[in-house]
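**Student:** Residue numbers (the numbering used here): -5 to 375.
Here a beta-carbon is modelled for each residue, glycine too, at the ideal position from N, C-alpha and C.
Below is a structure I'd like to ask you about.
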């Protein structure tokens, strides 16, 4: 690798790292706002745990940011070099376009290798550990689900509001019990109460004191012409608030895309060796297809890093712009088109005869053919 190769390689590498960092930050921010920020503000997870969970999301963000970051970095660098006539100078010195692109192709191969490791090993392991750590952190502080001065709708069949909270002791407590149509069937208001956690059953046991209960008509709870039944109690029986639905959100069922390469191969072997009941051939074929689609999707996403680096060379030279926004817009449009094609292929998961696991390679193949055509057009100039 001579001086010119090192110059192009370092320039493209710097732009790619910055672009990957930008896209990864956007993905991390979205996941943090959706999954973690509410738990942090309510005190269910500590700041150090929040930082560790964000770190576990990094491989997941990188798996999506690498292809777009590679394309953006190549477009930005070659667009600048072309606008400054540096590409013209290289061509005048007798260098072919393929010779100029050699360090970029090398960087694309290295990026695809890194993406392959991230998709097959690092991301699945980190994703599983992320959900385990989040579930552990939340279940360690189950009383954190009760946030003062906030309407809490996560408990199935209930809406809860608490004015004050000191540990397990509550003040100014309101409880709305809903029917199957989400209509208020019973309203409970209490001056104070206490929460106790049943770890074995994942239930918060609520005991209220100085409570007033309003019970509405069972079939017509919204008919206010009939006065509700009102009762006052010095102390109520325990009311169970179930946490299963909340825990299932933080500990979802293991998805195929969270399995490593070895786990996916083992799952495919298990399904292939499993005896099939009469009439169950289609169901077994569909399950096998899902595993193959997941595995091929990981490979094709990694290959897209190289494909985007390849097509970024002629596109960057043809655009010849310094503007970051223009190059970024081209990268986003091209990446969106690629991902849209992969989503369309995944919709064929119920048609094994069409071999959607092989059709997943079609977007990469089309981009390679487009890059080859653009290369030939530029070489003829």
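Determine the direct distance from the alpha carbon of residue 285 to that of residue 251, and round the result to whole angstroms.
**Tutor:** Those two C-alpha atoms are separated by around 9 Å.
**Student:** Hey, how far is the Cα of residue 214 from the Cα of residue 334?
**Tutor:** Their backbone Cα atoms lie some 48 Å apart in a straight line.
**Student:** Using the three-state DSSP reduction, which class does residue 175 fall into: helix, strand or coil?
**Tutor:** Secondary structure of residue 175 (DSSP, three-state): coil.
**Student:** Under the DSSP definition of a beta bridge, which residues are partnered with residue 146?
**Tutor:** 154
**Student:** Quick check: what's the CA-CA separation for residue 67 versus residue 144?
**Tutor:** Near 45 Å, if we compare the C-alpha coordinates of residue 144 and residue 67.
**Student:** Looking only at C-alpha atoms, which of 23, 175, 70 sits nearest to residue 45?
**Tutor:** 23
**Student:** DSSP puts residue 206 in a beta bridge; with which residues?
**Tutor:** 183, 226
**Student:** Let me confirm a value: residue 19 is counted as buried when at least 16 other C-beta atoms fall within 10 Å, else exposed. Which label applies?
**Tutor:** exposed
**Student:** Quick check: the Cα distance between residue 344 and residue 353, rounded to an integer number of angstroms?
**Tutor:** 14 Å
**Student:** Taking only runs of the alpha helix (DSSP H) that begin and end inside the segment 35 to 82, which ones reach a length of at least 4 residues, in chain order?
**Tutor:** 41 to 77
**Student:** What residue range is occupied by the uninterrupted alpha helix (DSSP H) comprising residue 25?
**Tutor:** -3 to 25
**Student:** Which same chain residues, not among the five before or five after residue 55, have their C-beta less than 7 Å away from its C-beta?
**Tutor:** 18, 21, 22
**Student:** Taking the alpha carbon of residue 207 as the reference point, which residue from 221, 227, 327, 235 has its own alpha carbon closest?
**Tutor:** 227
**Student:** Residue 290: which of 349, 308, 331, 304 sits nearest, CA to CA?
**Tutor:** 349
**Student:** Under the three-state reduction of DSSP, which class applies to residue 221: helix, strand or coil?
**Tutor:** In the structure shown, residue 221 adopts coil according to DSSP, grouped into three states.
**Student:** Which residue comes first and which comes last in the alpha helix (DSSP H) that contains residue 140?
**Tutor:** Per DSSP, residue 140 belongs to no alpha helix (DSSP H) and is neither H nor E.
**Student:** Just reading off the alpha helix (DSSP H) that residue 256 is part of, what are its end residues?
**Tutor:** 255 to 267
**Student:** Per DSSP, residue 234 is paired with what?
**Tutor:** 199
**Student:** Would you kindly check if the distance between the Cβ of residue 183 and the Cβ of residue 163 is under 8 Å?
**Tutor:** no
**Student:** Within its chain, find whatever has a CB closer than 7 Å to the CB of residue 329; leave out the 5 residues flanking it on each side and keep chain order.
**Tutor:** Within the same chain, and ignoring the five residues on either side of residue 329 in sequence, the residues whose Cβ sits closer than 7 Å to its Cβ are 61, 62, 65.
**Student:** Smallest Cα separation from residue 33: which of 364, 4, 10, 127?
**Tutor:** 127
**Student:** Just to confirm my understanding: we take residue 123, look at its own chain, exclude 5 residues before and 5 after, and list those with CB closer than 7 Å. What are they?
**Tutor:** Correct list, in chain order: 50.
**Student:** Following the continuous alpha helix (DSSP H) through residue 380, name the residue where it begins and the one where it ends.
**Tutor:** One cannot answer for residue 380 here, as it falls past the ends of the chain, which runs -5 to 375.
**Student:** Residue 117: buried (16+ other C-beta within 10 angstroms of its C-beta) or exposed?
**Tutor:** Residue 117 is buried by the Cβ-count criterion.
**Student:** Is the segment 260 to 271 close to the segment 70 to 82, with three or more CB pairs under 8 Å?
**Tutor:** no
**Student:** Do residue 311 and residue 361 have their C-beta atoms closer together than 8 Å?
**Tutor:** no
**Student:** Please classify residue 159 as buried or exposed, where buried requires at least 16 other C-beta atoms within 10 Å of its C-beta.
**Tutor:** Result: buried.
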